[in-house]
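If you count the first sequence from 1, position 156 lands on 193 in the numbering used here, and the numbers rise without skipping.
Yeah, the Cβ is synthetic: ideal placement off N, Cα and C, and Gly gets one too.
Read the structure below first, then the notes.
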Amino acid sequence: MTQVRVRFAPSPTGTLHIGGVRTALYSYLYARQKGGKFILRVEDTDQERSTEESSAVIVESMRWLGLDWDEGPEVGGPCGPYFQSERLDIYREYAETLIARGAAYRCYATKEEIDAAREEHFERTGRKEGFRFESPYRDGKTPDDPNARHVIRFKAPTEGMTAWDDLIKGRIEIQHSTLQDFVLVRPDGMPLYNLACVVDDHLMGITLVARGDDHMINTVPQILLYQALGAEVPAFAHVPMVLAPNGQKLSKRHAAVGVLEYRDLGYLPDAVLNYLVRLGWSYGDQEIFTREELIEKFSWDRVGAQASRYDAAKFSYVQAEHLRMLGAEELARLSVPFFARRGVEVKADDPRLIAAIPYLKPRATTLDDLAEAALYFVVEEPEMDEKASKKFLTPAAAEELRFLIDTIKDVTPFDDGALSAAMEAALETAGKAMKSVAQPARVALTGRTRSPGLFEVMEVLGRETTIARLERAIARAEASES
RNA sequence: GACCCCAUCGUCUAGUGGUUAGGACGUCGGCCUCUCACGCCGAAAACAGGGGUUCAAGUCCCCUUGGGGUCGCCA
Numbered sequence: 038m039t040q041v042r043v044r045f046a047p048s049p050t051g052t053l054h055i056g057g058v059r060t061a062l063y064s065y066l067y068a069r070q071k072g073g074k075f076i077l078r079v080e081d082t083d084q085e086r087s088t089e090e091s092s093a094v095i096v097e098s099m100r101w102l103g104l105d106w107d108e109g110p111e112v113g114g115p116c117g118p119y120f121q122s123e124r125l126d127i128y129r130e131y132a133e134t135l136i137a138r139g140a141a142y143r144c145y146a147t148k149e150e151i152d153a154a155r156e157e158h159f160e161r162t163g164r165k166e167g168f169r170f171e172s173p174y175r176d177g178k179t180p181d182d183p184n185a186r187h188v189i190r191f192k193a194p195t196e197g198m199t200a201w202d203d204l205i206k207g208r209i210e211i212q213h214s215t216l217q218d219f220v221l222v223r224p225d226g227m228p229l230y231n232l233a234c235v236v237d238d239h240l241m242g243i244t245l246v247a248r249g250d251d252h253m254i255n256t257v258p259q260i261l262l263y264q265a266l267g268a269e270v271p272a273f274a275h276v277p278m279v280l281a282p283n284g285q286k287l288s289k290r291h292a293a294v295g296v297l298e299y300r301d302l303g304y305l306p307d308a309v310l311n312y313l314v315r316l317g318w319s320y321g322d323q324e325i326f327t328r329e330e331l332i333e334k335f336s337w338d339r340v341g342a343q344a345s346r347y348d349a350a351k352f353s354y355v356q357a358e359h360l361r362m363l364g365a366e367e368l369a370r371l372s373v374p375f376f377a378r379r380g381v382e383v384k385a386d387d388p389r390l391i392a393a394i395p396y397l398k399p400r401a402t403t404l405d406d407l408a409e410a411a412l413y414f415v416v417e418e419p420e421m422d423e424k425a426s427k428k429f430l431t432p433a434a435a436e437e438l439r440f441l442i443d444t445i446k447d448v449t450p451f452d453d454g455a456l457s458a459a460m461e462a463a464l465e466t467a468g469k470a471m472k473s474v475a476q477p478a479r480v481a482l483t484g485r486t487r488s489p490g491l492f493e494v495m496e497v498l499g500r501e502t503t504i505a506r507l508e509r510a511i512a513r514a515e516a517s518e519s
């Protein structure tokens, strides 16, 4: 049995978007499950559109997601280089081979001639579409000057058909009559997608080509190329598109398209992967998967053939679930940059932060939420919400807070259980209700109206800080005009 | 327009000829409760339409409709 070798082959013309991540992910999972190799190859043969910045973003995105590749940029490998722009000589050699075998030919038709033919087609049929250029050089017309500017075209068959069994879409059959003599090499010698892709997939020993289903139309030309080259044809898996919620093409209007934006929003890589894998793939009723489970359970035959729509709400839910799966130490470490962004310096091992996280976790979706909610635990003096202060820190509340201090100041241990019990007893004796104490106390301790349970907050803050904040709030309350 | 793909709740999906068509997100109602969450309980919500095949069709076939993709000297 030959080793599984799959590749993700993005073109560096923008960010790595979530549709691309999904195809990369499926390929990655398949490779890992089969103990095969996952290869990253950058398809940068379009010099006008490709940029180095984009390559860097793609590499960074893949790294962040943990979609680690065995061969490709930064890591190298036996089939390198992994940037197509560095493999130009190879494509030229293959193009010459194809010409020598009569499978391809030099076409000297100028752009103007082709445009004229297109125009003529339009006038004759009344349509712009369905135009098929028939080159006079296909059948051996000799050019006035063999060195003149020309492209290399594939001599596509006009009769018969080619079929393949797609791992996702099933059997697909295409009539050759729909084919064009597609261009393999530009006048400047740069190869086009179909040539470069096939040559590399062949040379890199790719056993399965997974890509977006917008490439389905390229598959027959590519199969024909493999055959002309005498190369083995790989398997194909055409992954459906990810659409916007309204069913249109996904764009910046609908979602954070670049995957790194999710990092900055405080999403977890495994959550991104989990959400995207379920968009089009299922495993019974299971919704939440660890990376290890995905590697174990993924299979192409459970990938749906239909396009799916991006749903931000479901994504949030999956993210929240993954956040809750992590331990306090890890979450503390991951949230450090989100404190920094707020101008707050926190150490990943800050004991108060770590102690607070279990109480904050059920209330947070992202790491950003977590940092925001943890602020009053890690700073000396919490920022006071003036509206909350005005509403709850009234002269009348000062009395309740005094009662609270008296009740809790000597409780030992100073934890949620003991504090709740002491308070319950004191409330009973005094004939008071928790309700009248809770919100003033919450505002006093956190500066806000929403927080974890009061005694959980106290436990994390500790006796000294708790009492200090309550005292300060009393002073403030007494000074206020009701 | 041609070619290709697709079609179960609003969304993601389970379903591989016989099910009260299941789950999840979201929505709505309730419980819990010191706030906000979490959690728990419950509800509304789908087989696009029409023909076949079959004792039996969401499941198989055909047509229609709808959606998407491609039609580059982009990938």
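Quiz prompt | Closest by C-alpha distance to LEU135, when choosing among MET227, LEU266, ILE127 | solution = For the purposes of this step, residue 135 is taken as residue 98 along the first sequence, with counting starting at 1. Minimum Cα distance to LEU135 is reached at LEU266.
Exercise. Can you tell me which of the three DSSP states MET253 falls into?
Key: Here residue 253 refers to the residue found at position 216 when the first sequence is read from its first residue. Three-state DSSP puts MET253 in a helix.
Quiz item: Near LEU441, which residues of its chain fall below 6 Å by C-beta distance, leaving aside the five closest residues on each side in sequence?
Solution: By 1-based counting over the first sequence, the position of residue 441 is 404. VAL474, ALA478.
Self-check item: MET99 classed as buried or exposed, judged by whether at least 16 other C-beta atoms fall within 10 angstroms
Solution: Taking the first sequence and counting its residues from 1, one reaches residue 99 at position 62. Burial call: buried.
Quiz item: How about ALA425 and ARG485: do their beta carbons lie closer than 8 Å?
Solution: By one-based count along the first sequence, residue 425 stands at place 388. By one-based count along the first sequence, residue 485 stands at place 448. Their beta carbons are under 8 Å apart, which means ALA425 touches ARG485 by this criterion.
Quiz prompt | Where ARG190 falls: helix, strand or coil (DSSP) | solution = In the first sequence, residue 190 corresponds to position 153, counting from 1. Residue state, collapsed to three classes: strand.
Quiz item: According to the Cβ coordinates, are ILE391 and ALA365 closer than 8 Å?
Solution: The residue labelled residue 391 in the question sits at position 354 within the first sequence. The residue labelled residue 365 in the question sits at position 328 within the first sequence. Cβ atoms of ILE391 and ALA365: closer than 8 Å.
Self-check item: Secondary structure of ALA516, DSSP reduced to three states
Solution: Looking up residue 516 in the first sequence gives position 479. Residue state, collapsed to three classes: helix.
Quiz item: Between which two residues does the beta strand (DSSP E) carrying MET198 extend?
Solution: Locating residue 198 in the first sequence gives position 161, where the first residue counts as 1. Where MET198 is concerned, the enclosing beta strand (DSSP E) stretches over 198 to 203.
Practice problem: Output the distance between the C-alpha atoms of LYS384 and ALA410, rounded to the nearest integer angstrom. | Solution: Counting from one through the first sequence, the residue named residue 384 turns up at place 347. Counting from one through the first sequence, the residue named residue 410 turns up at place 373. Cα-Cα distance, rounded: 16 Å.
Quiz item: Is it right to say ARG290 is buried, meaning 16 or more other beta carbons lie within 10 angstroms of its own, or is it exposed?
Solution: Here residue 290 is taken as the residue at index 253 of the first sequence, counted from 1. It is exposed - the Cβ of ARG290 has fewer than 16 other Cβ atoms within 10 Å.
Exercise. Could you work out which residue in ALA268, PRO306, LEU430, THR39 is closest to ALA514 when comparing CA atoms only?
Key: Taking the first sequence and counting its residues from 1, the one referred to as residue 514 is at position 477. That would be LEU430, whose Cα lies nearest to the Cα of ALA514.
Practice problem: Check each candidate in ALA146, LEU221, PHE159 and name the one with the smallest Cα separation from GLU171. | Solution: Your numbering for residue 171 matches position 134 in the first sequence. Out of ALA146, LEU221, PHE159, ALA146 has the C-alpha closest to the C-alpha of GLU171.
Self-check item: Of the residues TYR230, ASP387, HIS213, the one placed nearest LEU368, counting alpha carbons only
Solution: Translated into the one-based positions of the first sequence, residue 368 becomes position 331. The candidate whose alpha carbon is nearest that of LEU368 is ASP387.
Self-check item: Ranges of the alpha helix (DSSP H) found wholly within the region 53 to 95, counting only runs of at least 4
Solution: 55 to 70
Practice problem: Mind checking which residues open and close the beta strand (DSSP E) that includes GLY207? | Solution: Numbered from its first residue, the first sequence carries residue 207 at position 170. First-last of the beta strand (DSSP E) with GLY207: 207 to 212.
Quiz prompt | Nearest-angstrom Cα separation, counted from THR402 out to ARG300 | solution = Looking up residue 300 in the first sequence gives position 263. Looking up residue 402 in the first sequence gives position 365. Here the C-alpha atom of ARG300 lies approximately 13 Å from the C-alpha atom of THR402.
Quiz item: Do SER345 and PRO277 come within 8 Å of each other at the CB atom, strictly closer than that value?
Solution: Against the first sequence, residue 277 aligns to sequence position 240. Against the first sequence, residue 345 aligns to sequence position 308. Yes, these two residues count as a Cβ contact at 8 Å.
Quiz item: Is the number of C-beta pairs between the region 198 to 217 and the region 241 to 257 that are closer than 8 Å three or more?
Solution: yes
Quiz item: Whose C-alpha, out of ALA272, TYR354, THR483, GLU196, is nearest the C-alpha of ALA510?
Solution: Residue 510 sits at position 473 when you count from the first residue of the first sequence. The candidate whose alpha carbon is nearest that of ALA510 is THR483.
Quiz item: Are the Cβ atoms of SER64 and VAL94 separated by less than 8 Å?
Solution: Along the first sequence, read from residue 1 onward, the residue named residue 64 stands at position 27. Along the first sequence, read from residue 1 onward, the residue named residue 94 stands at position 57. It is not a contact, given that the beta carbons lie outside the stated cut-off.
Quiz item: Looking only at C-alpha atoms, which of LEU232, LYS446, SER372 sits nearest to GLU496?
Solution: Within the first sequence, residue 496 is the residue found at index 459, counting from 1. GLU496 has its Cα closest to that of LYS446, out of LEU232, LYS446, SER372.
Quiz item: Hey, out of GLN356, LYS351, ILE394, ALA281, whose CA is closest to ARG370's CA?
Solution: Locating residue 370 in the first sequence gives position 333, where the first residue counts as 1. Of GLN356, LYS351, ILE394, ALA281, the residue nearest in Cα terms is ILE394.
Exercise. Check whether the Cβ atoms of PRO399 and ARG361 lie closer than 8 Å to each other.
Key: Mapped onto the first sequence, residue 399 falls at position 362. Mapped onto the first sequence, residue 361 falls at position 324. Yes. Within cutoff.
Quiz item: Around the Cβ of GLY56, are there at least 16 other Cβ atoms within 10 angstroms (buried) or fewer (exposed)?
Solution: To locate residue 56, count along the first sequence from 1; it is residue 19. Buried, since its Cβ has 16 or more Cβ neighbours within 10 Å.
Practice problem: Could you work out which residue in THR60, ALA132, CYS116 is closest to PHE219 when comparing CA atoms only? | Solution: Here residue 219 corresponds to residue number 182 of the first sequence, with the count starting at 1. Nearest option by C-alpha distance: ALA132.
Practice problem: State yes or no: is the C-beta of LEU229 within less than 8 Å of the C-beta of LEU221? | Solution: What you label residue 229 is simply residue 192 of the first sequence in a count that begins at 1. What you label residue 221 is simply residue 184 of the first sequence in a count that begins at 1. Yes; because the gap between Cβ atoms is below 8 Å, this pair is in contact.
Quiz item: Exposed or buried, what is LYS74 when buried is set at 16 or more other beta-carbons lying within 10 Å of its beta-carbon?
Solution: For this step, residue 74 is matched to residue 37 along the first sequence. Buried is the call here.
Exercise. Provide the residue span of the beta strand (DSSP E) that contains PHE45, from first to last.
Key: Counting from one through the first sequence, the residue named residue 45 turns up at place 8. It spans 42 to 45 - the beta strand (DSSP E) in which PHE45 sits, taken as one unbroken run.
Quiz item: The alpha helix (DSSP H) with TYR304 in it runs from where to where?
Solution: Walking along the first sequence from the start, residue 304 turns up at place 267. TYR304 -> no alpha helix (DSSP H), and no H or E assigned at all.
Practice problem: Evaluate MET421 with the Cβ neighbour count: other Cβ atoms within 10 Å of its Cβ, from every protein chain shown; 16 or more gives buried, anything less gives exposed. | Solution: By one-based count along the first sequence, residue 421 stands at place 384. Burial call: buried.
Quiz item: Within 10 angstroms of its Cβ, does ALA46 collect 16 or more other Cβ (buried), or is it exposed?
Solution: Looking up residue 46 in the first sequence gives position 9. ALA46 should be labelled buried.
Quiz item: Quick one, are the C-beta atoms of TYR119 and GLY103 less than 8 Å apart?
Solution: Counting from one through the first sequence, the residue named residue 119 turns up at place 82. Counting from one through the first sequence, the residue named residue 103 turns up at place 66. The answer is no: Cβ separation not under 8 Å.
Quiz item: Got a sec? Which residues, its chain only, sit under 7 Å from SER517 by beta carbon, not counting five neighbours each side?
Solution: Working through the first sequence from its first residue, we reach residue 517 at position 480. For SER517, where only same-chain residues beyond five positions count, the Cβ hits under 7 Å are LEU430, THR431, PRO432.
Practice problem: Return the residue from the list ALA481, ALA308, VAL340, GLY317 that minimises the CA-CA distance to SER353. | Solution: Counted from its first residue, the first sequence places residue 353 at position 316. Ranking ALA481, ALA308, VAL340, GLY317 by Cα distance to SER353 puts ALA308 first.
Quiz item: Leaving out the 5 sequence neighbours to the left and right, which residues in its chain are closer than 8 Å to SER319 when beta-carbon positions are compared?
Solution: Stepping through the first sequence from its first residue, residue 319 is reached at position 282. The answer, listed in chain order, is ARG339, GLY341.
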